[in-house]
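Q:
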Amino acid sequence: MTETIVNWVIAIFMLSSGIFTLLAAVGILRLPDLMTRMHASTKAGALGVALMMIAAMLHFNDLVVMAKALAVIMFILITAPIAAHAIGRAGYFVGVPIWVNTVKDELFNRYDSDTHRLRSGLETEEELKKMKTSNKDKPRIRVTTKK
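Residues in the sequence shown are numbered consecutively from 260, following the numbering used here.
1) If you drop the 5 nearest sequence neighbours on each side, which residues of the same chain put their C-beta closer than 7 Å to that of Val-265?
2) Using DSSP with H/G/I as helix, E/B as strand and the rest coil, what is Leu-232?
3) Kindly give me the distance between the Cβ atoms of Ser-300 and Ala-315, rounded to whole angstroms, as I take these residues to be in contact under 8 Å.
4) With Met-260 as the anchor, note down where its alpha helix (DSSP H) starts and where it stops.
5) Pick out the complete beta strand (DSSP E) segments inside the region 274-325, 3 residues or longer, and give them in chain order.
6) When you compare each of Arg-296, Ala-305, His-375 to Val-353 by their alpha carbons, which one comes out closest?
7) Could you say which of Gly-307, Met-297, Thr-338 lies nearest to Ser-276 if we only look at CA atoms?
8) Closest to Thr-338 by C-alpha separation, out of Asp-371, Gly-304, Thr-261, would be which residue?
9) Which residue's Cα is closest to the Cα of His-298: Val-285, Asn-360, Leu-310?
10) Would Asp-292 and Val-355 be called neighbours here (beta carbons separated by less than 9 Å)?
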């Protein structure tokens with residue numbers, strides 16, 4: 260009787276995992292721009308993997324498998340948002356177009372494409388003047404195109 264209940268719980272976790280992973284895939288295909296696609300893949304994908312690892316822990320019922328599954332869950336939950344942030348930021352700075360119906364673009368007036376500097380918006384007038392005249396604000400690496 261107990262095994263049957265555990266098997267049903269495992270099936271529910273696996274089915275939920277598949278649904279969330281499918282939602283992540285559909286989000287990548289259907290959403291309009293890089294930022295929203297990354298949001299869908301990060302949130303739904305991480306939840307799908309976590310549910311799958313929980314199902315594996317219940318299925319194998321072994322301490323080593325549980326430890327490894329928890330390590331995978333922690334790794335995904337820690338690295339997925341960081342990777343999504345880094346990729347999204349790089350995409351924005353490279354100039355990947357955002358969706359035309361985007362309501363809020365907080366970086367629009369804060370990123371200087373000439374110096375590749377991002378202002379926080381909390382700088383004083385003196386700091387802004389110093390940034391404009393300082394040689395430290397020039398990018399260390401110049402990207403040039405071959406003609």
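We put the CB at the ideal spot given by N, CA and C, even for glycine.
A: Working from what's here:
1) Once the five neighbours on either side are set aside, the close Cβ partners of Val-265 are Leu-317.
2) The displayed coordinates of the chain run from 260 to 406. Any statement about residue 232 would go beyond what the structure contains.
3) Contact doesn't hold; Cβ gap of about 21 Å is too wide.
4) Taken as a continuous stretch (DSSP letters only), Met-260 belongs to no alpha helix (DSSP H), as it is neither H nor E.
5) Taken in chain order, no unbroken stretch of beta strand (DSSP E) lies wholly in the region 274-325 with a span of 3 residues or more.
6) His-375 is the residue among Arg-296, Ala-305, His-375 whose C-alpha sits nearest the C-alpha of Val-353.
7) Comparing Cα-Cα distances from Ser-276 to each of Gly-307, Met-297, Thr-338, the minimum goes to Gly-307.
8) Restricting attention to Asp-371, Gly-304, Thr-261, the CA atom closest to the CA of Thr-338 is found in Gly-304.
9) Minimum Cα distance to His-298 is reached at Val-285.
10) In this structure, Asp-292 places its C-beta atom within 9 Å of the C-beta atom of Val-355.
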